[in-house]
Amino acid sequence: MSEIPRLMSLMTGDEKHSSAATSTLDVIRVLYERVLDVSPETIGGERRDRFYLSKGHGPMAYYAVLADRGFFPESWLAEWGTFESPLGFHPDRNLVPGVEISSGSLGHGLPLAVGTALGLRAQGIGSRVVVLVGDAELDEGSNHEALELAAALSLDALTVVVVDNRSSSYAVPGRIADRFAAEGWHTVSVDGRDHDALEKALSHRPVGQPNVVVAHVEEKS
Amino acid sequence: MNPRTQFARTAGDVVETDPSVALVYAEISGQFFGEVEARHPDRVINVGIREQLLVNVGAGLALTGMRPIVHTFGSFLVERAFEQVKLGFGHQDVGGVLVGSGGSFDSASAGRTHQVPGDVALMDTLPGVHIHAPSTVAEVDTILRRSVAGSGLHYLRVVGQTNSTSHTDPGLHVVRRGAGATVIALGPVLDATLAATEGLDVTVLYAHSVRPFDNRGLRAVLATPDVVLVEPWLAGTSAHVVGDALRDLPHRLLALGVGRQELRRYGTPADHIAAHGLDAAGIQRSLDGFLSVAA
Chain P
1 MSEIPRLMSL MTGDEKHSSA ATSTLDVIRV LYERVLDVSP ETIGGERRDR FYLSKGHGPM
61 AYYAVLADRG FFPESWLAEW GTFESPLGFH PDRNLVPGVE ISSGSLGHGL PLAVGTALGL
121 RAQGIGSRVV VLVGDAELDE GSNHEALELA AALSLDALTV VVVDNRSSSY AVPGRIADRF
181 AAEGWHTVSV DGRDHDALEK ALSHRPVGQP NVVVAHVEEK S
Chain D
222 MNPRTQFART AGDVVETDPS VALVYAEISG QFFGEVEARH PDRVINVGIR EQLLVNVGAG
282 LALTGMRPIV HTFGSFLVER AFEQVKLGFG HQDVGGVLVG SGGSFDSASA GRTHQVPGDV
342 ALMDTLPGVH IHAPSTVAEV DTILRRSVAG SGLHYLRVVG QTNSTSHTDP GLHVVRRGAG
402 ATVIALGPVL DATLAATEGL DVTVLYAHSV RPFDNRGLRA VLATPDVVLV EPWLAGTSAH
462 VVGDALRDLP HRLLALGVGR QELRRYGTPA DHIAAHGLDA AGIQRSLDGF LSVAA
């Protein structure tokens with residue numbers, strides 16, 4: 001039995017979790033448990049895989065997974081959001097071991113990850129950078145600057161996982177995958193609750209192009 | 222060679238000699254980077270007309286341990302993409318060298334969209350930032366190399382207006398010593414300030430590196446507690462650092478700089494410098510009023 005629900009309850013106080021926290025839960029678990037080559041021992045190493053949580057609000061699932069993987073003590077969770085706690089309602093890379101970027105304002109993670117993929121390439125490092133964005137986060141135009149360049153420069157170290165809980169106003173069905181595909185990305189859509197499907201999609205690294213995994217979850221979950 | 226072409230030459234040279242340096246730009250100045258980009262395509266990156274991306278690509282490179290030089294016109298670098306500067310560099314706490322060209326006056330004929338008198342004030346909101354306003358090609362070369370070799374976040378303001386002499390050290394330089402007021406010229410306004418203070422018994426100080434401000438240098442030479450700031454960006458931008466340096470002294474401050482009012486005029490840089498009272502005659506007029514009250 002996974003420890004994650006109990007760890008999340010330390011922050012939320014009950015078994016019902018807020019929607020922003022649970023929509024990302026399975027994706028983040030699969031990344032840390034099955035896909036990313038990163039651990040508390042390797043977090044300072046230049047050859048680690050990077051995970052950028054761009055959609056920084058509702059980070060309970062993220063904190064629970066990081067605590068479960070041993071990046072910081074479980075005892076931190078109960079006090080989250082308090083003045084003395086390193087765990088904020090948006091994560092800060094300078095405060096939380098294992099957190100790669102400080103996020104909160106939407107539309108920054110993917111552009112940062114493009115720079116990171118370029119930095120890995122320039123230094124001959126074969127690691128990957130995986131960015132989690134929300135479907136509504138893609139409203140931000142900064143993402144579109146980034147996804148255009150990533151494909152143009154064939155940044156195959158870069159993976160975007162879009163957690164799609166249909167929370168964007170003015171959404172058009174199928175638009176997310178279509179737009180990435182139009183720019184030259186490898187695209188795949190999966191059930192965002194199916195761990196085996198997520199693992200398969202997130203482990204795949206196409207050569208010569210960035211890839212996007214659109215993970216569908218329940219509406220506004 | 223002018224300050225902007227010197228920037229391009231030095232940046233290319235630094236990329237050539239230091240494999241940890243990357244140069245990121247957004248079309249602007251691409252005409253200067255062709256050769257070095259062809260030799261180092263992984264480290265000289267044109268992001269297209271995408272300034273939000275420009276800044277965060279620089280920050281993302283810094284997250285991998287590289288030292289980015291990030292360049293476009295100052296208006297698009299600092300104002301359009303300020304949240305990227307604040308969060309990508311400031312909040313992530315990674316370093317880099319941002320180089321904005323154009324400043325307040327270079328694009329006089331292009332209009333307000335290409336003028337950035339507010340850049341120093343805006344960058345000054347970031348904790349620990351280093352802000353430089355080199356005023357000769359030699360200063361551009363020295364300061365860019367020093368900033369890239371250093372750590373933290375640096376902003377270089379590269380403009381066409383120049384002074385006739387170069388200074389290498391970052392602190393306040395004593396250019397002229399007098400018994401009266403202290404006039405502080407920041408960046409490429411030193412020549413005009415010297416002409417305006419000709420024959421006056423005042424001290425003239427100069428700095429190209431304006432943040433952190435050299436409080437100690439000001440205190441060391443202060444004669445009478447009358448201070449005049451001359452800065453070719455928003456008037457009053459450095460008033461708070463002078464106030465901080467003199468916090469225990471009753472003092473008077475005249476802060477000259479670019480006015481907040483939008484001129485809605487075209488013309489030349491010289492036209493705009495004069496319109497904001499930052500040519501020698503304008504500085505002299507302001508000084509006359511201020512110093513006559515002191516006497």
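Heads up: the sequence lines are chains P and D, in that order. Counting in my numbering, the first sequence runs from 1 upward without gaps. Counting in my numbering, the second sequence runs from 222 upward without gaps. Where is the CB? At the ideal position from N, CA and C, for every residue including glycine. Keep in mind the model is a prediction, meaning the values are calculated, not measured.
{"Item": "Under 6 Å Cβ to Cβ from P/W80, same chain only, skipping five residues before and after it: list those, please.", "Value": "M11 and L87"}
{"Item": "Please decide whether P/S105 counts as near chain D, where near means a Cβ-Cβ distance under 8 Å.", "Value": "yes"}
{"Item": "Under 7 Å Cβ to Cβ from P/A136, same chain only, skipping five residues before and after it: list those, please.", "Value": "S167 and S168"}
{"Item": "Using the DSSP secondary-structure output, state which residues sit across from D/A406 in a beta bridge.", "Value": "D/Y427 and D/V451"}
{"Item": "Does any CB atom of chain P fall closer than 8 Å to the CB of D/E258?", "Value": "no"}
{"Item": "Given that D/L374 touches chain P, what residues does it touch there, using C-beta distances under 9 Å?", "Value": "Ordered by position in chain P, no residue passes the 9 Å Cβ test against D/L374, which lies about 14 Å from the chain."}
{"Item": "List the residues of chain P whose Cβ lies closer than 7 Å to the Cβ of D/I266, in chain order.", "Value": "L118"}
{"Item": "Anything in chain D within Cβ reach of P/G208, meaning under 7 Å, just list it in chain order.", "Value": "Residues of chain D passing the Cβ test: none, with the nearest at roughly 15 Å."}
{"Item": "Using the Cα positions of D/G323 and D/P224, report the straight-line distance between them to the nearest angstrom.", "Value": "10 Å"}
{"Item": "List the residues of chain P that D/V278 touches, going by C-beta distances under 7 Å, in chain order.", "Value": "P111, V114, G115 and L118"}
{"Item": "From D/S241, D/D239 and D/F253, pick the residue whose C-alpha is nearest to that of D/A229; which is it?", "Value": "D/F253"}
{"Item": "Measure from the C-beta of D/G309 to each C-beta in chain P and report whether the shortest distance is under 8 Å.", "Value": "yes"}
{"Item": "Taking all protein chains shown into account, do 16 or more other C-beta atoms lie within 10 angstroms of the C-beta of D/D340, making it buried, or fewer, making it exposed?", "Value": "buried"}
{"Item": "Do you know offhand how far D/G392's Cα is from D/A460's?", "Value": "17 Å"}
{"Item": "From D/W454 to P/S54, what distance separates their C-alpha atoms?", "Value": "35 Å"}
{"Item": "For a contact defined as C-beta to C-beta under 9 Å, what are the partners of P/E137 on chain D?", "Value": "Those do not exist, as P/E137 stays about 14 Å from chain D at its closest Cβ, beyond 9 Å."}
{"Item": "So with CB distances below 8 Å, who are the chain P contacts of D/L274?", "Value": "P111, V114, S142, E145, A146 and L149"}
{"Item": "Shorter than 8 Å from the beta carbon of P/R121 to some beta carbon of chain D?", "Value": "yes"}
{"Item": "Is any beta-carbon of chain A found at less than 8 Å from that of P/H108?", "Value": "The structure shown contains no chain A; the protein chains it does contain are P and D."}
{"Item": "Please return the same chain residues whose Cβ sits closer than 8 Å to the Cβ of D/R440, not counting the five positions on each side in sequence.", "Value": "A466 and L467"}
{"Item": "Taking 8 Å as the CB-CB limit, is D/E304 close to chain P?", "Value": "yes"}
{"Item": "DSSP state of D/N267, grouped into three classes?", "Value": "strand"}
{"Item": "Determine, using beta carbons only, whether D/T231 and D/V379 come nearer to each other than 8 Å.", "Value": "no"}
{"Item": "Nearest to D/T293 by alpha carbon, out of D/A283, D/A280, D/V320 and D/L415?", "Value": "D/V320"}
{"Item": "Return helix, strand or coil for P/P40, following the three-state DSSP convention.", "Value": "coil"}
{"Item": "For the alpha helix (DSSP H) holding P/N143, just list the boundary residues, first then last.", "Value": "G141 to A152"}
{"Item": "Between which two residues does the alpha helix (DSSP H) holding D/T363 run?", "Value": "V358 to A370"}
{"Item": "For D/T231, does the three-state DSSP call read helix, strand or coil?", "Value": "helix"}
{"Item": "Taking D/Q313 as the query, report the chain P residues whose CB atoms sit under 7 Å from its CB, ordered along the chain.", "Value": "R93, I101 and S102"}
{"Item": "Under 8 Å Cβ-Cβ, which residues of chain D neighbour P/E46?", "Value": "T285 and G286"}
{"Item": "Could you tell me whether the Cβ atoms of D/H394 and D/L426 are closer together than 8 Å?", "Value": "yes"}
{"Item": "Residues of chain P with a CB under 7 Å from the CB of D/R301: which are they?", "Value": "Within 7 Å Cβ-Cβ: nothing; D/R301 doesn't reach chain P, min ~11 Å."}
{"Item": "Write down every uninterrupted run of the alpha helix (DSSP H) in the segment 268-335 of chain D whose length is 4 residues or greater and which is fully enclosed by it, in chain order.", "Value": "272-284"}
{"Item": "Using 8 Å as the threshold, is the C-beta distance between P/I125 and P/D68 below it?", "Value": "no"}
{"Item": "Quick one: list the residues of chain P neighbouring D/A243, beta-carbon separation under 8 Å, in chain order.", "Value": "L118, G119 and A122"}
{"Item": "If you count every other CB in all the chains shown that lies within 10 Å of the CB of P/D196, and 16 or more means buried, which is it?", "Value": "exposed"}
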